[in-house]
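Q: As numbered in UniProt numbering, residues 1 to 140 make up the sequence shown, in order.
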Amino acid sequence: MQSFKSATVLAGGVADRGETCGALIGALMALGLVIGREKMEDEPTFSNALDACQDLIERFKEGLQKQFGFKKKLESTLCKDIQERIYGRYFSSRDEKGLADEKEEQAFLDAGGHTEKGCLTTCAIAAEVAAQKLFKLREK
Numbered sequence: 001m002q003s004f005k006s007a008t009v010l011a012g013g014v015a016d017r018g019e020t021c022g023a024l025i026g027a028l029m030a031l032g033l034v035i036g037r038e039k040m041e042d043e044p045t046f047s048n049a050l051d052a053c054q055d056l057i058e059r060f061k062e063g064l065q066k067q068f069g070f071k072k073k074l075e076s077t078l079c080k081d082i083q084e085r086i087y088g089r090y091f092s093s094r095d096e097k098g099l100a101d102e103k104e105e106q107a108f109l110d111a112g113g114h115t116e117k118g119c120l121t122t123c124a125i126a127a128e129v130a131a132q133k134l135f136k137l138r139e140k
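(1) What do you get for residue 31, buried or exposed, if any count of 16 or more other CB atoms within 10 angstroms of its CB means buried?
(2) In chain order, what residues of the same chain have a beta carbon less than 6 Å from the beta carbon of residue 24, not counting five sequence neighbours either side?
(3) I'd like to know whether the C-beta atoms of residue 16 and residue 85 end up nearer to each other than 9 Å.
(4) Excluding the 5 residues preceding and the 5 following residue 104 in the sequence, name in chain order all residues of the same chain whose CB lies nearer than 7 Å to its CB.
(5) Return the bridge partner residues of residue 78 from the DSSP annotation.
(6) With DSSP as the reference, identify every bridge partner of residue 94, one or two as the case may be.
(7) Check each candidate in 121, 7 and 57 and name the one with the smallest Cα separation from residue 83.
(8) Mind reading off the beta-carbon distance from residue 64 to residue 74? Whole number of angstroms is fine, and I expect it under 8 Å.
(9) Determine whether the beta carbon atoms of residue 56 and residue 130 lie at a separation below 9 Å.
(10) Run through DSSP, which three-state label would residue 59 get?
(11) Assuming residue 34 contacts residue 134 under a Cβ cut-off of 8 Å, what Cβ separation, rounded to an integer in Å, is found between them?
(12) To the nearest angstrom, how far is the alpha carbon of residue 117 from that of residue 52?
(13) Go ahead and label residue 99 buried or exposed: buried means 16 or more other beta carbons lie within 10 angstroms of its beta carbon, across all protein chains shown.
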């Protein structure tokens, strides 16, 4: 429950700023718990972890592309770019001052943001590629 609670702030591309997809960050953190280094100077483990994460990121983008039928290759893992591909636009529930924008939040929900048409599926893809990567690493 604590990890779910701590992930709250990753929503909307980190505190609803449209940055890196929070679901992807969660997937990378799960992978890091298993293959991450315990000491800063452990360069081989660091390098291997980065390689594994690069693969996970590409699989995440491929999963989104396949699931949502994107015509062009997804080049970014930014929430705002993913939303533009899925919904045709980016929704931010915060205005330019960082205050809550209820109309935008409702528009996001109306577009299917918290359904299988959007973020739920995006989160599922991130979890799936992380689990696949972890199982593959476990087999080694």
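In this text, a Cβ means the ideal position worked out from N, Cα and C, and glycines have one as well.
Small disclaimer: the values here were computed from a predicted structure and weren't measured.
A: In brief:
(1) Looking at its Cβ environment, which holds 16 or more other Cβ atoms inside 10 Å, residue 31 is buried.
(2) Answer for residue 24: 60, 77 and 126, listed in chain order.
(3) Contact flag unset, no.
(4) For residue 104, where only same-chain residues beyond five positions count, the Cβ hits under 7 Å are 91, 92 and 93.
(5) Answer by DSSP bridge pairing, in chain order: 20.
(6) Answer by DSSP bridge pairing, in chain order: 100.
(7) Residue 121 is the option with its Cα nearest to residue 83.
(8) About 6 Å; that satisfies the 8 Å criterion.
(9) Going by C-beta atoms, residue 56 is nearer than 9 Å to residue 130.
(10) Note: residue 59 maps to helix in three-state DSSP.
(11) Contact flag correct, Cβ pair sits at about 6 Å.
(12) Going from the Cα of residue 117 to the Cα of residue 52 covers about 28 Å.
(13) Of the other Cβ atoms in all chains shown, fewer than 16 fall within 10 Å of the Cβ of residue 99; this residue is therefore exposed.
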